[in-house]
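To keep things clear, I will list the structure first and then write my remarks on it.
Chains as they are written, first to last, in the numbering used here: chain A, 1 to 114; chain B, 115 to 223.
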């Protein structure tokens, strides 16, 4: 399909393990975003990539969280030494250019830490 | 710091009963206000962008309006398939998209 694709759709892991979440944005979109949505909560901004500029990492909650975007396309969000409070839905979005443009979301990865 | 407050938190309507959802915002240098619809287990689906006070956008039974302090999403003669959580978000000079907590709309047949 032509939408934002995220994988896996569900991930269950033990506390202390590392996890990698993948996002394939819409082709041609230069901006890519990661958000976290906890049960009953709003979307929490994590990180923003725009073209070749340095990413805006100001929303990352701790140094256990990191993200990269390779070749201006696919992005990976990595959480090291997972904690139970990391359990949430992680959403990826992309847009044509920057924040003035509507973001198009994937269906997220539901992460459960046991 | 940008802030977005949505009300009510939840709204139950009978099919055909029109109503409005509110989004109050505080932002420095508004660059855009966005409305999204989110169904359970899905990512938010883009509905509208509004850029300046006085602007209005329409799509089927939905109409979004914008003032300098708030936005309304008007739903005319809703149907059960309009049931979803509606999210409002703003972006400004802080260069982040800030979301409200959403309004959970249920339309009863």
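Note that CB positions come from ideal geometry on N, CA and C, so glycine has one too.
Nothing here was measured: the structure is a model prediction, and the numbers come from that model.
Distance, Cα to Cα, residue i vs residue j?
i	j	result
residue 203 (chain B)	residue 57 (chain A)	19 Å
residue 206 (chain B)	residue 116 (chain B)	8 Å
residue 152 (chain B)	residue 52 (chain A)	30 Å
residue 216 (chain B)	residue 81 (chain A)	31 Å
residue 141 (chain B)	residue 73 (chain A)	30 Å
residue 184 (chain B)	residue 196 (chain B)	22 Å
residue 120 (chain B)	residue 138 (chain B)	6 Å
So what does DSSP say about residue i, is it helix, strand or coil?
i	result
residue 210 (chain B)	coil
residue 116 (chain A)	An answer regarding residue 116 (chain A) cannot be provided, because it is not within the stretch 1 to 114 covered by chain A.
residue 196 (chain B)	helix
residue 84 (chain A)	helix
residue 48 (chain A)	strand
residue 189 (chain B)	strand
residue 163 (chain B)	strand
Could you tell me whether the Cβ of residue i comes closer than 8 Å to any Cβ of chain B?
i	result
residue 29 (chain A)	no
residue 32 (chain A)	no
residue 25 (chain A)	no
residue 119 (chain A)	Past the boundaries of the shown model lies residue 119 (chain A); chain A is included only from 1 to 114, so the question cannot be answered.
residue 45 (chain A)	yes
residue 51 (chain A)	no
Could you tell me whether any Cβ in chain A is nearer than 8 Å to the Cβ of residue i?
i	result
residue 134 (chain B)	no
residue 210 (chain B)	yes
residue 181 (chain B)	no
residue 146 (chain B)	yes
Tell me, which residues are paired with residue i by DSSP?
i	result
residue 113 (chain A)	A:13
residue 68 (chain A)	A:76
| request: Please name the residues in the segment 75-108 of chain A whose beta-carbon is closer than 9 Å to at least one beta-carbon of chain B, in chain order. | output: 89, 91, 92, 93, 98, 99, 100, 101, 102, 103, 104, 105, 106, 107 and 108
| field | Members of the segment 157-169 of chain B that neighbour chain A once the beta carbon cut-off is set at 7 Å | value | 157, 158, 160 and 163
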